[in-house]
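K.L.:
The structure under discussion is supplied below as structure tokens; questions concerning it will follow.
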Amino acid sequence: MISCRSARPSVAPVSGPLAPRSVAFLPGVPGMIVGCGEWGFRNVPMEEHFRISEGFGFRFLEFGIGGGQPGRLPEEPGEADVAEFRALGERYGINTPFCCLENDFTLAAEGEHEAMVAKVLGQLRSARSCGATHVRLFAGFTPAADMTEEIWSRLFSAFEGCESLCAELGMEIAIETHGALEFGDDGSAVHINSVTTDRECLGRLLENLPSRVGFNYDPGNIKAVSPGDHRYCLDLLNDRINYCHLKDWHPRGDGWVACAIGDDDLDYGPVFERMKFDGVCLIEYEPLDDPEDGIQRSLDYLARVAPGFTLG
Numbered sequence: 015m016i017s018c019r020s021a022r023p024s025v026a027p028v029s030g031p032l033a034p035r036s037v038a039f040l041p042g043v044p045g046m047i048v049g050c051g052e053w054g055f056r057n058v059p060m061e062e063h064f065r066i067s068e069g070f071g072f073r074f075l076e077f078g079i080g081g082g083q084p085g086r087l088p089e090e091p092g093e094a095d096v097a098e099f100r101a102l103g104e105r106y107g108i109n110t111p112f113c114c115l116e117n118d119f120t121l122a123a124e125g126e127h128e129a130m131v132a133k134v135l136g137q138l139r140s141a142r143s144c145g146a147t148h149v150r151l152f153a154g155f156t157p158a159a160d161m162t163e164e165i166w167s168r169l170f171s172a173f174e175g176c177e178s179l180c181a182e183l184g185m186e187i188a189i190e191t192h193g194a195l196e197f198g199d200d201g202s203a204v205h206i207n208s209v210t211t212d213r214e215c216l217g218r219l220l221e222n223l224p225s226r227v228g229f230n231y232d233p234g235n236i237k238a239v240s241p242g243d244h245r246y247c248l249d250l251l252n253d254r255i256n257y258c259h260l261k262d263w264h265p266r267g268d269g270w271v272a273c274a275i276g277d278d279d280l281d282y283g284p285v286f287e288r289m290k291f292d293g294v295c296l297i298e299y300e301p302l303d304d305p306e307d308g309i310q311r312s313l314d315y316l317a318r319v320a321p322g323f324t325l326g
């Protein structure tokens, strides 16, 4: 294994109005805003995302580009795709500043990596055309134990290039905390430490990424890698969170299946008490068979642990 502590020159900080904020809120204090994530809608038409969100009263909705999912915009959205998407937001009165892209900047083959970076750069422009201000990216799904110095170097270079473009476009990058996955026959997923769930690797990312690059904090994903560590890496990431997914995972066999917050044992109350992020927290209910029930359970749980939240 290549140590996550290996030296790398620091990147000069980028300042400006889009720098990640760190203003605290507490459970029960009006002002915590909750929106709706998109992954549980990935198999239904885009307008259904808006219809369901409107039914709950959400005013903020996440959307996705690429990945081959029918509930997302295509890999290369055209002008008509963008216009239709923005018209849905206007029709339903819902804001869509949060965009998810599918990427892996830890690919072992250099040519595949270069193609991935080129794809993401194009999709960043599409996301901005759709009105996004924040773009969720992954670092990648290579297990932390398999990272090499060559892969680390390409990873940092990729984020430097993406951040440079995002600064021009007026957007922020949010890297999701997400492990590598191995799926079982029972539908469960074994979560393996990646560079965004391993504490030592996270330290290296925080030290060397451009300072304006933030993190999509998903404590559920971190729990699924290290269920006994109730810090959920918040102590490391607190000052760099600019995006947030709310979900949990329930054990099944040797792995985990995604579930609503409140369905398992991740206690979000202490997380909210410590978290400095003051932006929109997105309910990410992943199962496809009961998305509306799962969203409602999530809202019911939030009413218990964070009374006073709003939907925007």
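Residues are numbered in our numbering as their position in the sequence shown, beginning at 1, plus a constant of 14. Backbone N, C-alpha and C fix where the C-beta goes; we use that ideal spot for every residue, glycine too.
1. Run through the segment 137-205 for me and flag every whole beta strand (DSSP E) of 3 or more residues, listed as ranges in chain order.
2. Have a look at Gly69, Ile309, Met161 and Arg142 and flag the residue whose alpha-carbon is nearest the alpha-carbon of Leu179.
3. Within 10 angstroms of its Cβ, does Arg168 collect 16 or more other Cβ (buried), or is it exposed?
4. Quick one: what does DSSP say Ala238 is sitting in, helix, strand or coil?
5. List the whole-angstrom C-beta distance separating Val319 from Tyr282, where the pair is believed to meet the contact cut-off of C-beta under 8 Å.
6. Between the Cα of Cys295 and those of Pro88, Asn230, Gly217 and Leu121, spot the shortest distance and give me the residue it belongs to.
7. Would you list the one or two residues that DSSP bridges to Leu87?
8. In terms of residue numbering, what span does the alpha helix (DSSP H) encompassing Arg311 cover?
9. Any heavy atom of the ligand ATP closer than 7 Å to the beta-carbon of Asn222?
10. Quick check on Ile108: does DSSP put it in helix, strand or coil?
11. Look up Cys215 in the DSSP assignment and say whether it is helix, strand or coil.
12. Looking at the structure shown, is Tyr231 part of a helix, part of a strand, or coil, going by DSSP?
13. Determine the burial state of Arg218: buried for a count of at least 16 other Cβ atoms within 10 Å of its Cβ, exposed for fewer.
14. For Arg266, report the span of its beta strand (DSSP E) as first-last.
15. Assign Arg288 to buried or exposed, taking buried as 16 or more other Cβ atoms, counted over all protein chains shown, within 10 Å of its Cβ.
16. Does Ala122 pass the burial test, meaning 16 or more other C-beta atoms within 10 Å, or should it be called exposed?
17. Quick one: give me the first and last residue of the beta strand (DSSP E) that Ile47 is part of.
18. From this set, Asn256, Val204, Leu115 and Gly78, which residue's C-alpha is nearest Gly293's C-alpha?
19. Quick check: the segment 82-96 against the segment 296-312, are there 3 or more CB pairs under 8 Å?
P.N.:
Quick look at the numbers:
1. Counting whole runs of 3 or more residues, the segment 137-205 contains the beta strand (DSSP E) stretches 148-151, 186-190 and 194-197.
2. Your numbering for residue 179 matches position 165 in the sequence shown. Of the listed residues, the one whose Cα sits closest to Leu179 is Arg142.
3. The count along the sequence shown starts at 1 and reaches residue 168 at position 154. With 16 or more Cβ atoms within 10 Å of its Cβ, Arg168 is classed as buried.
4. Here residue 238 refers to the residue found at position 224 when the sequence shown is read from its first residue. Three-state DSSP puts Ala238 in a helix.
5. In the sequence shown, residue 319 corresponds to position 305, counting from 1. In the sequence shown, residue 282 corresponds to position 268, counting from 1. That belief holds up - the Cβ atoms of Val319 and Tyr282 are roughly 5 Å apart, short of 8 Å.
6. For the purposes of this step, residue 295 is taken as residue 281 along the sequence shown, with counting starting at 1. Closest by alpha carbon: Asn230.
7. For this step, residue 87 is matched to residue 73 along the sequence shown. DSSP output for Leu87 lists Ile79 as bridge partner(s).
8. Against the sequence shown, residue 311 aligns to sequence position 297. Unbroken alpha helix (DSSP H) run through Arg311: Pro305 to Val319.
9. Looking for the ligand ATP in the displayed structure turns up nothing, as the structure carries no ligands at all.
10. Indexing the sequence shown from 1 puts residue 108 at position 94. DSSP places Ile108 in coil when its eight states are reduced to three.
11. What you label residue 215 is simply residue 201 of the sequence shown in a count that begins at 1. Note: Cys215 maps to helix in three-state DSSP.
12. Numbered from 1 along the sequence shown, position 217 holds the residue referred to as residue 231. When secondary structure is reduced to three states using DSSP, Tyr231 falls in the strand class.
13. Translated into positions along the sequence shown, residue 218 becomes position 204. Looking at its Cβ environment, which holds 16 or more other Cβ atoms inside 10 Å, Arg218 is buried.
14. Residue 266 sits at position 252 when you count from the first residue of the sequence shown. For Arg266, the uninterrupted beta strand (DSSP E) run begins and ends at Asp262 to Arg266, by DSSP.
15. Position 274 of the sequence shown, counted from the first residue, corresponds to residue 288. If you draw a 10 Å sphere on the C-beta of Arg288, you find fewer than 16 other C-beta atoms in it, and that means exposed.
16. Numbered from 1 along the sequence shown, position 108 holds the residue referred to as residue 122. Under a 10 Å Cβ-count criterion, Ala122 is classified as exposed, with fewer than 16 other Cβ atoms of the shown protein chains found around its own Cβ.
17. As a first step, residue 47 is located in the sequence shown; it is residue number 33 there, counting from the start. Per DSSP, the continuous beta strand (DSSP E) segment holding Ile47 begins and ends at Ile47 to Cys50.
18. Along the sequence shown, read from residue 1 onward, the residue named residue 293 stands at position 279. Ranking Asn256, Val204, Leu115 and Gly78 by CA distance to the CA of Gly293 puts Asn256 first.
19. Inter-segment contact for the segment 82-96 and the segment 296-312 is absent: fewer than three beta-carbon pairs are separated by less than 8 Å.
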